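Chemist:
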Amino acid sequence: MSDATFTSTAPTLTASRLDRLGDRVSRISLSAVRLTSATVLGWIGAMKFTAYEAVAIQGLVQSSPLTAWLYDVLSVQGASNLIGAVEIATALLLLLGAKFPKAALLGALGALATFAVTVSFLFTAPVTEPSLGGFPALSVVPGQFLLKDIVLLAAAGLLAGDALRRLARTL
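Numbering of the sequence shown is given in this note's numbering, commencing with residue 2 and proceeding in unit increments.
1) For my contact list, Val56 and Leu159 are in at a C-beta cut-off of 8 Å; report their separation, rounded to the angstrom.
2) Within the stretch 40-116, note down every full alpha helix (DSSP H) run reaching 4 residues or more, in order along the chain.
3) Determine whether the beta carbon atoms of Leu154 and Val41 lie at a separation below 8 Å.
4) Candidates Asn82, Thr68, Arg18 and Pro127: which alpha carbon is nearest Gly144's?
5) Which residues mark the beginning and the end of the alpha helix (DSSP H) in which Val152 is found?
6) Is the CB-CB distance between Lys100 and Leu168 below 8 Å?
7) Are there 16 or more other CB atoms within 10 angstroms of the CB of Asp24, so buried, or fewer, so exposed?
8) Okay, do the stretch 82-89 and the stretch 119-133 touch, 3+ Cβ pairs below 8 Å being the bar?
9) Inspect the CB distances between the stretch 15-29 and the stretch 61-71 and report whether three or more fall short of 8 Å.
10) Quick check on DSSP: helix, strand or coil for Leu22?
11) For Thr129, write down the residues that DSSP places opposite it in a beta bridge.
12) How would you call Gly111, buried or exposed, if buried means at least 16 neighbouring beta carbons within 10 angstroms?
13) Name the residue from Arg170, Val62, Ala157 and Ile89 whose alpha carbon lies nearest to the alpha carbon of Val76.
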């Protein structure tokens with residue numbers, strides 16, 4: 002087959018086709034961000050109801066002025082249960098948000114708050130590895146474990162923006 006034959010039968014990548022393809026990829030990716038964010042929140046939220054997870058998060062929760070007060074009013078397991086319930090409720094709102102823009106916004110705001118708090122642990126918990134000289138060497142736990150929450154925070158922002166656009170279309 003000659004080059005002339007190939008180029009005459011191959012679809013042409015025009016700006017319009019690239020734009021439509023970009024829109025399709027963005028829509029699919031937005032749905033994936035919604036589903037995976039809900040999965041992360043729901044799964045980790047469910048784990049909060051176990052004694053293992055309640056003890057595992059205790060150091061993080063105690064290290065932050067945003068969350069340390071929980072242990073003044075609740076037990077270690079009670080605080081973990083509350084956090085888990087909020088995470089599961091947020092996950093459910095994100096899932097409902099695929100159909101209902103108001104639920105989408107509430108879920109996205111809940112995710113923004115959740116991940117803002119967990120990202121703040123990067124500044125309040127001991128996240129560096131002293132044997133490697135400290136910053137920028139992150140410990141595996143909690144440093145590297147928490148670092149992913151920066152991306153999840155950005156994903157929640159994306160979901161909030163989408164929810165606001167969808168709500169605006171209903172007005």
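Cβ coordinates follow ideal geometry from the N, Cα and C atoms, glycine included.
Nothing here was measured: the structure is a model prediction, and the numbers come from that model.
Modeler: In short:
1) Working through the sequence shown from its first residue, we reach residue 56 at position 55. Working through the sequence shown from its first residue, we reach residue 159 at position 158. For Val56 against Leu159, the beta-carbon gap comes to about 33 Å, at or over 8 Å, which does not count as contact.
2) You should have 52-64, 71-74 and 77-97.
3) As a position in the sequence shown, residue 154 is number 153, starting the count at 1. As a position in the sequence shown, residue 41 is number 40, starting the count at 1. No. Outside cutoff.
4) Counting from 1 along the sequence shown, the entry for residue 144 is found at position 143. Looking at the Cα atoms, Pro127 is the closest of the given residues.
5) Translated into the one-based positions of the sequence shown, residue 152 becomes position 151. Here the alpha helix (DSSP H) through Val152 covers Phe146 to Thr171.
6) One-based indexing of the sequence shown puts residue 100 at position 99. One-based indexing of the sequence shown puts residue 168 at position 167. No. Outside cutoff.
7) Against the sequence shown, residue 24 aligns to sequence position 23. Exposed is the call here.
8) Because the criterion of three Cβ pairs below 8 Å is not met, the stretch 82-89 and the stretch 119-133 do not touch.
9) Using a C-beta cut-off of 8 Å, the stretch 15-29 makes no contact with the stretch 61-71, since fewer than three inter-stretch Cβ pairs fall below that distance.
10) The residue labelled residue 22 in the question sits at position 21 within the sequence shown. Three-state DSSP puts Leu22 in a helix.
11) Numbered from its first residue, the sequence shown carries residue 129 at position 128. DSSP, once it has assigned bridges, lists Leu139 as partnering Thr129.
12) The residue you call residue 111 lines up with position 110 of the sequence shown. A residue is called buried when at least 16 other Cβ atoms come within 10 angstroms of its Cβ; Gly111 meets this threshold and is buried.
13) Position 75 of the sequence shown, counted from the start, is the residue given in the question as residue 76. In the sequence as displayed, the identity of residue 76 is Ser instead of Val. Considering only alpha carbons, the answer is Val62.
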